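If you read the sequences in order, they're chains F and R. Once you know that position 230 of the first sequence is 230 in the numbering used here, the rest is easy, because the numbers rise by one and skip nothing. Once you know that position 41 of the second sequence is 41 in the numbering used here, the rest is easy, because the numbers rise by one and skip nothing.
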Amino acid sequence: MTKVNIMKNMPEKVIIPLKQHDGSICEPLVKKGDMVCEGQKIGECGSYDSASVHSSVSGEVVSIEEAPHPSGNKVNSVVIQPSEDAECVDFKPKDVPVSELANLIKDAGIVEHYGTPTHMVLKPEGKNIDTVLVNATSSEWIGGHYDTPSQYSSQVLDALKLLMKAAGASRGAIVLRNDDLESISAFDGLNFDGKNITVAPLVGKRKVKYYFKDMASDIVVVSQDHIYGRKILDLFTYNVTGRKVSFGCDPTDVGVAICSVKSAKALYDAVNAGKPYIETVVSVSGKVKDPQKILVRIGTPFKDVIEACGGYIGEAGKLIANGAITGVAQYTDDVPVSKTTTSIFVQSVDEVVRGESVACIHCARCVDVCPVNLVPSRLTALADQGRFDECRQMHIMNCVECGRCAAVCPSKIHVLQLIRYAKSSIEKAYEDFAPKQSSTNLKLGCCGGE
Amino acid sequence: MTLTTLLIQAMATLGGLGLVIGIMLIAASKLFKVETNPLVEEVVEVLPGANCGACGFAGCADFAERVVNENAPLDGCPVGGFETVKEIGGILGQEVSEAEKEYPYLRCNGGIHCVDRFDYVGIEDCTAVIMLSDGEKGCNYGCMGRGTCVRACPFDAITIGEDRLPIVNKNLCKSCGLCIEACPNEVLMFAKDSEKVHVQCNSHDKGKAVKAVCEIGCIGCKICEKNCPEEAITVTKFLAEIDQDKCTACGICVEKCPQKCIEIK
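1) By the three-class DSSP mapping on this structure, what secondary structure does residue 114/F have?
2) When the Cα atoms are used, what is the spatial distance from residue 364/F to residue 257/R?
3) My understanding is that residue 237/R touches residue 204/R, with C-beta atoms under 8 angstroms, so please give their C-beta distance in whole angstroms.
4) Near residue 9/F, which residues of its chain fall below 8 angstroms by C-beta distance, leaving aside the five closest residues on each side in sequence?
5) Specify the secondary structure class of residue 24/R as computed by DSSP and reduced to three states.
6) Can you tell me whether DSSP reads residue 133/F as helix, strand or coil?
7) Alpha carbons only, please: which of 94/F, 61/F, 68/F, 106/F is nearest the one belonging to residue 49/F?
8) With 8 angstroms set as the bound, which would you pick, yes or no: does the beta-carbon of residue 382/F sit closer than that to a beta-carbon of chain R?
9) Using Cβ-Cβ distances below 8 angstroms, what residues of the segment 112 to 134 of chain R are close to chain F?
10) What residues in its chain sit with their C-beta under 8 angstroms from that of residue 118/R, if we drop five residues either side in the sequence?
11) Short of 9 angstroms Cβ to Cβ, which residues in the segment 308 to 336 of chain F face chain R?
12) So residue 421/F contacts chain R; which residues on that side make the cut at Cβ distance below 9 angstroms?
13) Mark residue 354/F as exposed unless 16 or more other C-beta atoms lie within 10 angstroms of its C-beta, in which case mark it buried.
14) Let's test the definition: count the other Cβ atoms within 10 Å of the Cβ of residue 118/F and tell me whether it reaches 16, buried, or not, exposed.
15) Select from 212/F, 55/F, 51/F, 199/F the residue whose C-alpha is nearest the C-alpha of residue 31/F.
16) Determine the burial state of residue 274/R: buried for a count of at least 16 other Cβ atoms within 10 Å of its Cβ, exposed for fewer.
17) If you check the beta carbons only, do residue 293/F and residue 426/F fall under 8 angstroms apart?
18) Within 8 angstroms, do at least three Cβ pairs link the segment 149 to 160 of chain R to the segment 84 to 97 of chain R?
19) Report, in whole angstroms, the separation of the C-beta atoms of residue 53/F and residue 43/F, which I expect to be a contact under 8 angstroms.
20) For the segment 310 to 327 of chain F against the segment 181 to 188 of chain F, do three or more pairs of beta-carbon atoms, one drawn from each stretch, fall closer than 8 angstroms, so that the two count as touching?
21) Using a C-beta cutoff of 8 angstroms, does residue 72/F count as contacting chain R?
22) Pull up the distance between the alpha-carbon of residue 174/R and that of residue 103/R, whole angstroms please.
23) Measure the Cβ-Cβ separation of residue 272/F and residue 93/F and say whether it is below 8 angstroms.
24) Round the Cβ separation of residue 128/R and residue 417/F to the nearest angstrom and send it over; I've been treating them as touching at under 8 angstroms.
25) Can you pull the DSSP bridge partners for residue 214/R?
26) For chain R, find out if any of its Cβ atoms is closer than 8 angstroms to the Cβ of residue 119/F; answer yes or no.
27) Taking Cβ positions only, does residue 417/F come closer than 8 angstroms to chain C?
28) Buried or exposed for residue 38/R, please, with buried defined as at least 16 other CB atoms from any protein chain shown within 10 angstroms of its CB.
29) Classify residue 106/F as helix, strand or coil using the three-state DSSP reduction.
30) Mind the definition here: the segment 144 to 161 of chain F touches the segment 260 to 272 of chain F only if three or more C-beta pairs lie below 8 angstroms; say whether that holds.
31) Out of curiosity, what's the CA-to-CA distance linking residue 148/R and residue 393/F?
32) Taking residue 236/F as part of the alpha helix (DSSP H), name the residues at either end of that continuous run.
33) Which residues of chain R have a Cβ atom closer than 9 angstroms to the Cβ of residue 414/F, listed in chain order?
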């Protein structure tokens with residue numbers, strides 16, 4: 001089982017952004033000088049597209065100010081100085097009726113790793129969810145500290161049942177990675193609800209629907225290849241369930257809710273321990289003395305996390321949150337760990353690529369590595385000239401933004417940035433259209449389409 | 001057969017063919033004639049023909065049609081200027097009066113005076129820069145100097161100066177407003193030539209935050225507001241705004257401003 005250490009040292013101050021999700025920003029419930037205790041709600045918003053924010057430490061509110069956020073922008077945040085003599089708070093398990101589960105999720109501030117609040121995924125307005133998927137394909141997203149592998153697997157299964165209840169879905173699946181043998185052996189042969197779990201591989205056209213039937217069970221565990229990227233949800237939905245998500249829609253439109261191990265663990269803790277979402281596991285890698293996976297309180301500045309991992313080796317050149325290739329580079333190590341932070345990657349000064357980009361030499365390495373079979377070189381050339389409509393015709397919206405094309409490019413062309421630039425321009429141009437209308441009328445084939 | 005007969009034959013054949021096809025064409029143009037208002041064509045003639053879309057319609061021909069048939073405003077074309085408006089008025093027999101010309105004005109003087117938070121390596125375009133951490137400039141409201149407005153201008157009226165700020169060439173500018181629309185930070189605005197006093201800042205940050213990143217940004221100290229004899233200046237959200245109707249260009253605010261961010265022309 002992947003070893004997760006617990007960060008012991010209390011940071012000097014924690015910075016808790018009032019917006020750690022996609023949606024409306026929370027209003028602060030505390031003011032400067034207030035004493036708060038661990039798990040106390042410090043930010044709330046009345047609108048549905050928002051998740052509450054809790055204090056992860058006991059201490060004094062030093063200020064409420066605009067502070068850096070790992071997404072890159074500045075966000076109104078509550079800065080808390082932990083006090084040493086703070087009493088330990090005992091969280092009590094709650095007995096929650098099924099109808100209240102979605103409210104509990106919103107109240108506990110549970111947010112998916114891709115930003116959407118979990119209750120929005122499970123109970124989207126005006127849509128029905130019939131299948132809940134727990135994406136466990138990345139080992140970076142281990143949700144918390146587990147003593148044994150079987151504790152991990154049984155907790156995730158319990159959490160999946162809770163997620164299904166909250167969504168009112170009849171079926172659920174946990175998706176593991178093919179080569180993640182630790183997790184597979186943790187789930188394989190596990191007795192759950194009187195049934196022995198077998199991890200089934202998703203091969204060819206044999207999707208998760210087949211296994212629901214084959215195993216005569218509503219909860220299955222399947223495995224597939226490791227795919228990653230920022231906009232992975234549509235592709236993930238297709239790979240696992242075979243349902244196509246068209247342009248402008250998201251998986252909830254086809255009745256699929258995708259949750260991560262992190263939110264599953266957070267929900268399990270919220271129900272069984274009464275604990276809101278105040279700590280998360282971050283994997284620290286790169287040029288630090290002791291790379292590891294570490295359980296930290298949300299709001300801990302990156303520098304304290306890196307300090308806990310032994311500090312930098314030499315001078316740090318670049319600090320990247322959420323993955324070396326897909327992530328966002330940070331300009332300061334004062335940014336706090338937020339609910340959507342999964343990893344911190346440190347590059348040394350020599351490793352940072354600063355070369356000028358030169359002309360494309362048509363080596364097609366980007367074409368070779370693209371996981372969704374696009375032609376990044378062509379898309380880049382078109383995007384550079386502002387021919388966004390032609391980009392759209394070449395299915396640019398299918399890009400999962402994994403960043404492999406930019407990483408392999410020998411000409412150091414900013415492939416991913418150009419693609420994202422084109423994508424945002426296209427989205428802006430088509431935002432007036434209703435999503436469903438645009439996918440059929442304009443023949444925008446995203447994830448297949450027609 | 002002699003050469004002469006050959007020539008005559010060839011000329012007769014080709015001439016006959018031309019005559020037949022010509023008659024057919026005339027017949028077709030009479031048969032399939034599309035009724036158009038002759039005024040539309042006249043208006044198209046006087047329009048600049050840049051097809052820039054600044055009027056809000058799909059090109060000059062569309063604008064002309066709307067003006068003639070759907071009573072669109074005559075002064076819809078900002079590119080042609082008053083001359084064009086006068087000509088259109090003459091064609092349609094309407095009275096016109098001249099409006100003062102407006103030029104884009106940059107509400108930021110930061111440029112090299114504004115600190116960078118990090119080194120940016122990527123595409124040279126403001127819209128792309130802003131996608132990463134709101135741009136590398138310390139100030140989130142100011143000009144990023146990456147030239148999105150330069151590329152948006154169909155008349156090559158904007159250039160980036162040495163201080164990394166765009167300069168508008170008023171001789172070339174046609175006031176189409178495409179640069180103002182293109183700017184992701186909305187730091188450009190229209191200003192008339194008669195409006196003499198302007199605040200060269202767009203930052204709504206608090207004074208302390210502005211001072212940390214920019215030497216010449218508005219800190220919202222309200223000194224200008226208190227000293228203005230005409231009460232033309234109001235400070236809202238830490239940024240001074242000048243009511244151009246009240247301003248008499250006395251220059252007191254320019255003198256009093258501790259950050260020197262108010263400009264008088």
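Using N, Cα and C, we set each Cβ at its ideal position, and we do this for glycine too. Small disclaimer: the values here were computed from a predicted structure and weren't measured.
Let me spell this out:
1) coil
2) 58 angstroms
3) 4 angstroms
4) 304, 307, 308
5) helix
6) strand
7) 106/F
8) No, because no Cβ of chain R sits closer than 8 angstroms to the Cβ of residue 382/F.
9) 117, 118, 119, 121, 122, 123, 125, 127, 128, 131, 132, 133, 134
10) 133, 136
11) 328, 329, 330, 331, 332
12) 123, 125, 127, 128, 131
13) The residue is exposed, with fewer than 16 neighbouring Cβ atoms inside 10 Å.
14) buried
15) 55/F
16) It is not possible to answer for residue 274/R, since the shown part of chain R is limited to 1 through 265.
17) no
18) no
19) 4 angstroms
20) Counting Cβ pairs under 8 angstroms, fewer than three are found: no touch.
21) yes
22) Answer to the nearest angstrom: the Cα atoms are 8 angstroms apart.
23) yes
24) About 6 angstroms separates the two Cβ atoms, so the contact holds.
25) 114/R
26) no
27) As a matter of chain content, chain C is missing from the structure shown, whose protein chains are F and R.
28) exposed
29) Residue state, collapsed to three classes: helix.
30) yes
31) 25 angstroms
32) 233 to 241
33) Residues of chain R with a Cβ closer than 9 angstroms to the Cβ of residue 414/F are, in chain order, 121, 122, 123, 128.
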